[in-house]
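**Q** Per my numbering, residue 3 is the first one in the sequence shown, and the count goes up by one each step. Every residue gets a Cβ at the ideal spot worked out from N, C-alpha and C, and that includes glycine. Before I ask anything, let me first share the structure, which is written out below as structure tokens.
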Amino acid sequence: MRSTLRRFSDGKAAIPPATAWYLSDLGEFRGKQELYTRQAPQRLKVLREHALIESAVSSNRIEGVSVEPSRVRDVLASPKPLFQDGLSRVHRAGW
């Protein structure tokens, strides 16, 4: 049995049509993503923030913790140095 590297270096390996279609679709969607990023950056920012909040709420729910989305929004929007300061305090205390 030939190795994968040798198989592709021979130039005899064909990409299945379904894979080629998927690659083509990926290229097309990548272009659409870049276009949307340039045309509507504010919408993407809002969607990204919403996804972050929903992810945090869901993660907490999995762990059995109930948190209001507004509280999660406040925590995520707080300045990073506060979180880093809290984390360094935990490490200094040896918890």
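Given a threshold of 16 other Cβ atoms within 10 Å of its Cβ, counted over all protein chains shown, does Ile55 qualify as buried or as exposed?
**A** Here the question's residue 55 lines up with position 53 in the sequence shown. Around the Cβ of Ile55, a 10 Å sphere holds 16 or more other Cβ atoms; the residue is buried.
**Q** Since Leu78 and Ala58 should fall inside the 8 Å C-beta cutoff, what is the C-beta to C-beta distance between them, to a whole number of angstroms?
**A** The sequence position of residue 78 within the sequence shown is 76, counting from 1. The sequence position of residue 58 within the sequence shown is 56, counting from 1. About 7 Å; that satisfies the 8 Å criterion.
**Q** Please list, in chain order, all residues of the same chain as Ser90 whose beta carbon is under 6 Å from its beta carbon, the five residues on each side excluded.
**A** Taking the sequence shown and counting its residues from 1, the one referred to as residue 90 is at position 88. Exclusion of the five residues before and after Ser90 leaves no residue of its chain whose Cβ lies closer than 6 Å to its Cβ.
**Q** From what residue to what residue does the alpha helix (DSSP H) around Gly29 run?
**A** For the purposes of this step, residue 29 is identified with residue 27 of the sequence shown, where counting begins at 1. Counting along the chain, the alpha helix (DSSP H) containing Gly29 begins and ends at Pro19 to Gln41.
**Q** I'd like to know whether the C-beta atoms of Leu108 and Ile17 end up nearer to each other than 9 Å.
**A** In the structure as shown, the chain begins at 3 and stops at 97. Residue 108 is therefore absent and cannot be evaluated.
**Q** Measuring straight from C-alpha to C-alpha, what distance separates Gly33 and Ser11?
**A** In the sequence shown, residue 33 corresponds to position 31, counting from 1. In the sequence shown, residue 11 corresponds to position 9, counting from 1. C-alpha separation (whole angstroms): 30 Å.
**Q** Below 7 Å CB to CB, which residues in the same chain sit around Gly66 once its five sequence neighbours on both sides are set aside?
**A** Counting from one through the sequence shown, the residue named residue 66 turns up at place 64. For Gly66, where only same-chain residues beyond five positions count, there are no Cβ hits under 7 Å.
**Q** Going by the beta-carbon positions, is the gap between Val74 and Asn62 smaller than 9 Å?
**A** The residue you call residue 74 lines up with position 72 of the sequence shown. The residue you call residue 62 lines up with position 60 of the sequence shown. Their beta carbons are under 9 Å apart, which means Val74 touches Asn62 by this criterion.
**Q** Have a look at Val19 and Leu84 and give me their C-alpha separation to the nearest angstrom.
**A** Locating residue 19 in the sequence shown gives position 17, where the first residue counts as 1. Locating residue 84 in the sequence shown gives position 82, where the first residue counts as 1. Before going further, note that residue 19 is Pro rather than Val in the sequence given. Going from the Cα of Pro19 to the Cα of Leu84 covers about 52 Å.
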